[in-house]
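Chains as they are written, first to last, in this note's numbering: chain A, 42 to 461; chain B, 42 to 461. Beneath this line is the structure, given in structure tokens, with notes to follow.
2 protein chains.
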Amino acid sequence: MNSMNSIFNSLKTAQTQLAMHNRAAKDTALAAAADAIDKDRAGILQANVRDVAKAREGGMKESLVDRLLLNDKRIDGIIEGIDIVIRQEDPVGRVQAGWTIQNGLQIERVTVPLGVAAIIYESRPNVTADCAAIAYKTGCSILLRGSSSALESNKALVKAIKAGLAKGGGIEDAVALCESGSRDEVDVILNARGFIDVVLPRGGGDLIRRVTENARIPVIETGEGNCHIYIEPSADIEQAVQIIINAKLQRPGVCNAVETLLIHKDILAQIMPKAAAALAGKAEMRCDSLSKAAIGTPPAELVLKDVSEEDWGKEFLDNILAVKTVASCDEAVAHINRYGTKHSEAILTNDLKSAEKFRAQVDAACVYVNASTRFTDGGVFGFGAELGISTQKIHARGPMGLDTLTSIKYIVSGNGQIRS
Amino acid sequence: MNSMNSIFNSLKTAQTQLAMHNRAAKDTALAAAADAIDKDRAGILQANVRDVAKAREGGMKESLVDRLLLNDKRIDGIIEGIDIVIRQEDPVGRVQAGWTIQNGLQIERVTVPLGVAAIIYESRPNVTADCAAIAYKTGCSILLRGSSSALESNKALVKAIKAGLAKGGGIEDAVALCESGSRDEVDVILNARGFIDVVLPRGGGDLIRRVTENARIPVIETGEGNCHIYIEPSADIEQAVQIIINAKLQRPGVCNAVETLLIHKDILAQIMPKAAAALAGKAEMRCDSLSKAAIGTPPAELVLKDVSEEDWGKEFLDNILAVKTVASCDEAVAHINRYGTKHSEAILTNDLKSAEKFRAQVDAACVYVNASTRFTDGGVFGFGAELGISTQKIHARGPMGLDTLTSIKYIVSGNGQIRS
């Protein structure tokens, strides 16, 4: 893999240069990259047509083909994504803290670019431009390893981005695309100690597992979301039903959708008939015996099944909702900490002690009180562009904005100090 | 390894409980742990006598036996270490930021305990107490995996700590020691996804490599220090010689000692004879041809050798100093970024542009201008207790204080919000 070594070296050299560019220089280069994409629409769309044709020949499901597809409107979206990054503050060069120690040494803790990042992702070509822009703005080089099914589209996009960066006075070598499409490339990336400072897998569970099991470089996991809503007797019933419907049905295929309801036994009789009526014809319910009995006569259109032990651990990403009866907030917290994926968890209650216990003890990136889990999102949180949602606990947790690709450096200034 | 699984579960349960303890409760428990160590001196010293006897029987070098050895003064030091942790602020429960989005949802970013940490370390028993105290103060459980040579001492210390925590109303199960001494234990820890949130290897290069190559859980590396000092023509010569002496000789066996000097060609003639005179009889110099020639007639006691390519990559941890001639600040930066270990790097100069270039482009945790590299240390920086010095760039970089064992959580409070 000599070609990979030459890419690694080029990314590292480019990053050292980019570290010296100020915000204006980076924004100018990014604007030129967006402009190059705009001007090269025809070429990018032609490349995408080839990817789409090949995918259909290979029998790809139309729902996945749709994720791969580019059109003028989606290219507008890609350009708008770069504009959002341009409008954001520069996350590097911030002095987080500064102090002087007894011997007069001045110590400053300053944010710096993380270095060279790699992202391994699936299908959607917009991720290519989003991640290139986010990395560039933070002063990082980035190695993009997209899906082989999107290779032609990614090549065309990266070609435009690099040409634009160069035209805008930027460092085009700060962006590189893996072009062979071989699986070996991934292994080379995962072992690139000393060259790649962090790797972000962005995709399904299999990809995440492959990366976490094989990486010898730091990883930021963007994992699955097995999210829960726990409902207490003091909750507002009508509000609870609205939140259940929203968290399950508004977009069932995303990581912040709810998968399991935990319902306190003392509110089963009030909530279950209403939840069943609201979900009938829209989602399947998988209930334990108590919650099933509390429905009474199920609505005609309701698909109602018995829940199994395995269901507690599943991210359905579908119109399916598991329901478990619990006797206490403690039991709900224990269930979530056993089966949850540390993503987004909600309690619906009017009991202050329960809310405090849930907030303190549930181990998740985002803990909600009296709201839908669907709000976990970098855009909604106000972070602008988003690299994904981290479900690990070191370095970045929850929606990841630009500052995820920063590290810190201690700048120590003296006038001859030696240690005694 | 069923016993390991039961330890993992017990650590996780204990951590959930400890998350609810406030600072006063944690400090009281820690004070009781320190008191228990104080009262159990005799038992701890007896256990240590057994470790030391066994180590000497096995032919351990006396310098290593000294690291293993406990005595009354060192137990005083262990107790003082716990007192330092007690006096520090609680790093959890800090609201780092808070804002309200358009629909009225309140979002707060709050520091929380990282969870369950594991530390894999060598010989010195004081690390056992230091890390147990730091973890407890941050609300984390900790699994201690010390050296088998210190097993009896560690058992006695952990027994006292756990008894003290219990007596002080704390959670004794938040601290656990691996007691089998088998290497398999390490592999089980490195694969404990879902149980251990972070593992810190603390020891030599072999241990760090073993952990980074095999871990499937997040790692914080505390790596080697191949540190450099780059000297420019505008530097103060006398100051430069003092800094060289200090950075090389004050404690040659530590990670922040200097290993290679990079000297600008235009100052070779002024600095080399003085450096050679100062190091003669104290450290070996390994020079390239230009810097060697600049010494002129070497002092009688100077051990002077030709430097080899391999020397640039070596952390000597010894009274040896490599010397390279460079033609520019750019060349010095490139050498450091190629051979350095991202630890501590210094420039001696009076040139503002060079200082700024060096600060921005050298990729290291701590970058010094006109001072010795020896100051990279949690205590010196004012962080109180220290978990080690991180040479990686994600999560923690440089000296690691208490906040290294924290993560964040988004607390989102609403009154029925759903996503539209």
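Backbone N, C-alpha and C define an ideal beta-carbon position, used for all residues, glycine too.
Should residue i be flagged as near chain B, meaning a C-beta pair shorter than 9 Å?
i: Ser454 (chain A); result: yes
i: Ser330 (chain A); result: no
i: Asn167 (chain A); result: no
i: Val199 (chain A); result: no
i: Val260 (chain A); result: yes
i: Gln311 (chain A); result: no
i: Asp214 (chain A); result: no
i: Gln283 (chain A); result: yes
Does the Cβ of residue i have 16 or more other Cβ atoms within 10 Å, making it buried, or fewer, making it exposed?
i: Asp404 (chain B); result: buried
i: Met326 (chain B); result: buried
i: Gln143 (chain B); result: exposed
i: Gly455 (chain B); result: buried
i: Gly429 (chain A); result: buried
i: Gly246 (chain A); result: exposed
i: Arg224 (chain A); result: exposed
i: Gln433 (chain A); result: buried
i: Lys450 (chain B); result: buried
i: Gln87 (chain B); result: exposed
i: Ser194 (chain A); result: buried
i: Thr141 (chain B); result: exposed
i: Lys203 (chain A); result: buried
i: Lys289 (chain B); result: buried
Give the C-beta separation of residue i and residue j to the nearest angstrom, bearing in mind that I take them to be a contact with Cβ-Cβ under 8 Å.
i: Ile249 (chain B); j: Pro259 (chain B); result: That pair is no contact at about 15 Å.
i: Ile272 (chain B); j: Ile230 (chain B); result: About 44 Å separates the two Cβ atoms, so there is no contact after all.
i: Ile85 (chain A); j: Ala197 (chain A); result: 4 Å
i: Val126 (chain A); j: Lys178 (chain A); result: 5 Å
i: Arg415 (chain B); j: Ala298 (chain B); result: 7 Å
i: Asp81 (chain B); j: Ala174 (chain B); result: Not quite, the Cβ-Cβ distance comes to about 16 Å (not below 8 Å), so this is no contact.
i: Glu265 (chain B); j: Thr382 (chain B); result: 5 Å
Kindly list, in the order they appear in chain B, the residues whose Cβ is closer than 7 Å to that of residue i.
i: Cys407 (chain A); result: Tyr451 and Val453
i: Arg460 (chain A); result: Asn287, Gln291, Ser413, Arg415 and Phe416
i: Gln280 (chain A); result: Gly457
In its own chain, which residues sit with a C-beta less than 6 Å from the C-beta of residue i, not counting the 5 before and 5 after it?
i: Lys315 (chain A); result: Val282
i: Gly419 (chain A); result: Glu427, Pro440 and Gly442
i: Lys333 (chain B); result: none
i: Ser182 (chain A); result: Leu52, Ala55, Gln56, Val157 and Ala215
i: Ile483 (chain B); result: This structure does not reach residue 483 (chain B), given that chain B is present from 42 up to 461, and the question cannot be answered.
Does the beta carbon of residue i sit closer than 9 Å to a beta carbon anywhere in chain A?
i: His376 (chain B); result: no
i: Trp140 (chain B); result: yes
i: Asn287 (chain B); result: yes
i: Lys67 (chain B); result: no
i: Val239 (chain B); result: yes
i: Gly442 (chain B); result: no
i: Ala102 (chain B); result: Ala is not the amino acid found at residue 102 (chain B); the sequence shown has Lys there. By this cut-off, Lys102 (chain B) is not an interface position.
i: Thr338 (chain B); result: no
i: Thr57 (chain B); result: yes
i: Asp392 (chain B); result: no
i: Ile272 (chain B); result: no
i: Asp277 (chain B); result: yes
Short of 7 Å in beta carbon distance, which residues of its chain neighbour residue i, apart from the five on each side in sequence? Order them along the chain.
i: Asp76 (chain A); result: Gly205
i: Pro340 (chain B); result: Ala317, Ala318 and Ala321
i: Ser34 (chain B); result: For residue 34 (chain B) there is no data in the structure shown, the boundaries of chain B being 42 and 461.
i: Val93 (chain A); result: Val106, Leu109 and Leu110
i: Ala191 (chain A); result: Asp92, Leu109, Ser164 and Pro166
i: Ile452 (chain A); result: Glu149 and Val151
Taking Cβ-Cβ distances shorter than 9 Å, what residues in chain B pair up with residue i?
i: Leu155 (chain A); result: Lys434 and Ile435
i: Leu146 (chain A); result: Tyr409, Ala412, Phe416 and Val421
i: Asp228 (chain A); result: Those within 9 Å of Asp228 (chain A) in chain B number zero; the least Cβ separation is about 14 Å.
i: Thr263 (chain A); result: Correct list: empty, because the minimum Cβ distance to chain B is about 14 Å.
Mind pulling the chain A residues with CB within less than 8 Å of residue i?
i: Met61 (chain B); result: Lys398, Ala401 and Gln402
i: Ser448 (chain B); result: Lys434, Ile435 and Arg438
i: Thr253 (chain B); result: Arg234 and Arg257
Residues in the same chain with beta-carbon distance under 8 Å from residue i, minus the five sequence neighbours each way, listed in chain order, please.
i: Arg257 (chain B); result: Leu231, Asn232 and Arg234
i: Ala138 (chain A); result: Glu149 and Arg150
i: Ile78 (chain B); result: Ile85, Ile116, Ile119, Ile120, Ile123, Ala170, Leu198, Ala201, Ile202 and Gly205
Which residues in chain D sit within 9 Å of residue i, going by Cβ to Cβ distance?
i: Ile388 (chain A); result: The structure shown has no chain D; the protein chains it does contain are A and B.
For a contact meaning CB atoms closer than 9 Å, what does residue i contact in chain A?
i: Asp491 (chain B); result: With chain B represented from 42 up to 461, any question about residue 491 (chain B) goes unanswered, as that position is not in the structure.
i: Thr179 (chain B); result: Chain A residues near Thr179 (chain B): none, gap ~12 Å exceeds 9 Å.
Check the Cβ of residue i against every Cβ in chain B and list those closer than 8 Å, keeping chain order.
i: Gln137 (chain A); result: Here the premise fails: no neighbours, minimum Cβ distance about 11 Å.
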